[in-house]
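Student:
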Amino acid sequence: MDAHAHAPAHGKDHVPHVLPLSTYLKTWGALLVLTAVTVGASYVNFGAANLWIALLIASVKAATVALVFMHLYYDHKFHAVIFGVSLIFLAIFIIFTMFDTEARGRADGIERERPADIKAPFAGTAAERAIKEKHAAPKPTGEAAHAP
Amino acid sequence: MSAATPELHASKEGEQAGEGFHVAHHFDSADVQFDAGRMGIWLFLVTEILLFGGLFCAFAVFRSWYYADFVEAHHHLDRVMGAVNTVVLICSSLTMALAVRSAQMSKTRLTSVLIGLTIALSCVFLAIKFVEYQHKFHEGLLPGKYFTAEGFHGHHAGIFFAVYFMMTGIHGIHILIGMGLMIWLLRRNMRGEFSSRYYAPIEGFGLYWHLVDLVWIYLFPLLYLIG
Numbered sequence: 024m025d026a027h028a029h030a031p032a033h034g035k036d037h038v039p040h041v042l043p044l045s046t047y048l049k050t051w052g053a054l055l056v057l058t059a060v061t062v063g064a065s066y067v068n069f070g071a072a073n074l075w076i077a078l079l080i081a082s083v084k085a086a087t088v089a090l091v092f093m094h095l096y097y098d099h100k101f102h103a104v105i106f107g108v109s110l111i112f113l114a115i116f117i118i119f120t121m122f123d124t125e126a127r128g129r130a131d132g133i134e135r136e137r138p139a140d141i142k143a144p145f146a147g148t149a150a151e152r153a154i155k156e157k158h159a160a161p162k163p164t165g166e167a168a169h170a171p
Numbered sequence: 016m017s018a019a020t021p022e023l024h025a026s027k028e029g030e031q032a033g034e035g036f037h038v039a040h041h042f043d044s045a046d047v048q049f050d051a052g053r054m055g056i057w058l059f060l061v062t063e064i065l066l067f068g069g070l071f072c073a074f075a076v077f078r079s080w081y082y083a084d085f086v087e088a089h090h091h092l093d094r095v096m097g098a099v100n101t102v103v104l105i106c107s108s109l110t111m112a113l114a115v116r117s118a119q120m121s122k123t124r125l126t127s128v129l130i131g132l133t134i135a136l137s138c139v140f141l142a143i144k145f146v147e148y149q150h151k152f153h154e155g156l157l158p159g160k161y162f163t164a165e166g167f168h169g170h171h172a173g174i175f176f177a178v179y180f181m182m183t184g185i186h187g188i189h190i191l192i193g194m195g196l197m198i199w200l201l202r203r204n205m206r207g208e209f210s211s212r213y214y215a216p217i218e219g220f221g222l223y224w225h226l227v228d229l230v231w232i233y234l235f236p237l238l239y240l241i242g
């Protein structure tokens, strides 16, 4: 296992990509400002948009941390793809769950008015069947003569 | 990620730091090894995002079911302490990012100081969380069936606190695990194992730590400010 005792056998050393100190400090400053904005915005009532505005500001902060502190901006694009894809799947997860839970109970009123018979779901309600029979009644003998 | 006899090169700044490192034989070069390690950490972060994502989804569902209860209950969270914790974590993210940077420049002593600062800031975060939890226990603002506080209009405030304790609790466990890992990194750094040629564990931990910060960045407004 220790056949390669010295690094030169594998080519050049890794040269780190060092960002200037000012980049880190400016990012830190931006995050603190955005935190103040987050708290400040919470004192204003935007109604239903409260949630979305909070999420928007939080996402700007998150993007700042991810792009600079986590080096995503300077790294292989594939790492950003990995991160981005996980967020897309998370969004699908939450959005579709919300579609489902928010729509619950929507069918209750309709089912109460027009309950379906499991054995004959397309037969309609008793009133609908009565109407159908009324219009169909004169025809039976004529159809029986032409039945294959 | 191997390191041979580090004691001979303990704590010497500059070229002597990280002398024990050599590229594992199944990688073509040091760059490939670092890229593979970083990508692995990103894949791990995806699992963490999905872990907290599941909890955020539960929060979203219960909030849509019991909106009034959630709004009422969230007023009992101390947003000042929450905001201070947010600032504490942002500062710890800075010190951690700077620790990675100083390791990149083989500044062993500065790296140790910065990792130490990050550990200290984590202690502050957990101390504030402890005070918050203590207050909740005292008032009976507890999860689900343990909820005994008085003076609530709705009947589902216990669900808000169940979500609150679950999410901040699991987040807090991640901070604790992070502190353990930082102590390990600090020991390795003080033994001179890291340098500009090899700082992968510090960078990898840095990514994990930033993710912990990211989760809090979303937790704070959703739990404390919006409810």
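Protein chains in written order, with this note's numbering: chain A, 24 to 171; chain B, 16 to 242.
A virtual CB, placed ideally from N, CA and C, is assigned to each residue, including glycine.
Treat the numbers as computed from the prediction; the structure is a model and nothing was measured.
#1: Could you pull the DSSP bridge partners for S210/B from this structure?
#2: Does DSSP put L201/B in a helix, in a strand, or in coil?
#3: So, for L104/B: in the same chain, excluding its five sequence neighbours on each side, which residues have a beta-carbon less than 7 Å away from its beta-carbon?
#4: Can you pull the chain B neighbours of F122/A, defined as C-beta to C-beta under 9 Å?
#5: Please name the residues in the region 87-106 of chain B whose beta-carbon is closer than 8 Å to at least one beta-carbon of chain A, in chain order.
#6: With N68/A as the anchor, note down where its alpha helix (DSSP H) starts and where it stops.
#7: So with CB distances below 8 Å, who are the chain B contacts of V41/A?
#8: Closer than 8 Å between beta carbons: that is the criterion. Which residues of the region 180-209 of chain B meet it against chain A?
#9: Can you tell which of S108/B, F74/B and F49/B has its C-alpha closest to the C-alpha of A85/A?
#10: Check each candidate in Y213/B, K160/B, P236/B and L113/B and name the one with the smallest Cα separation from G35/B.
#11: Between the region 232-242 of chain B and the region 201-215 of chain B, are three or more C-beta pairs nearer than 8 Å?
#12: 7 Å is my cut-off, CB to CB: does L109/B come that close to chain A?
#13: For T148/A, does the count of other Cβ atoms within 10 angstroms reach 16, so buried, or fall short, so exposed?
#14: By DSSP, does P158/B sit in helix, in strand, or in coil?
#15: Can you find a C-beta in chain B that's less than 7 Å from the C-beta of V88/A?
Tutor: Working from what's here:
#1: Counted from its first residue, the second sequence places residue 210/B at position 195. S210/B is bridged to Y213/B.
#2: If you number the second sequence from 1, residue 201/B lands on position 186. Three-state DSSP puts L201/B in a helix.
#3: Residue mapping note: residue 104/B aligns to position 89 of the second sequence, counting from 1. These residues qualify, in order along the chain: F140, D228 and W231.
#4: Counting from one through the first sequence, the residue named residue 122/A turns up at place 99. None at all; the shortest Cβ gap to chain B is about 11 Å.
#5: R94, A98, T101, V102, I105 and C106
#6: Against the first sequence, residue 68/A aligns to sequence position 45. Note, N68/A: premise wrong, no alpha helix (DSSP H); not H, not E.
#7: For the purposes of this step, residue 41/A is taken as the residue at position 18 of the first sequence. Result: R116, Q119 and M120.
#8: none
#9: By 1-based counting over the first sequence, the position of residue 85/A is 62. Out of S108/B, F74/B and F49/B, S108/B has the C-alpha closest to the C-alpha of A85/A.
#10: As a working note, residue 35/B is residue 20 in the second sequence. Considering only alpha carbons, the answer is Y213/B.
#11: no
#12: Residue 109/B sits at position 94 when you count from the first residue of the second sequence. Yes - at least one Cβ of chain A is within 7 Å of the one on L109/B.
#13: Numbered from its first residue, the first sequence carries residue 148/A at position 125. When all chains shown are included, T148/A counts as exposed.
#14: Taking the first residue of the second sequence as 1, we reach residue 158/B at position 143. In this structure, P158/B counts as coil in the three-state DSSP scheme.
#15: Position 65 of the first sequence, counted from the first residue, corresponds to residue 88/A. Yes, because at least one Cβ of chain B sits closer than 7 Å to the Cβ of V88/A.
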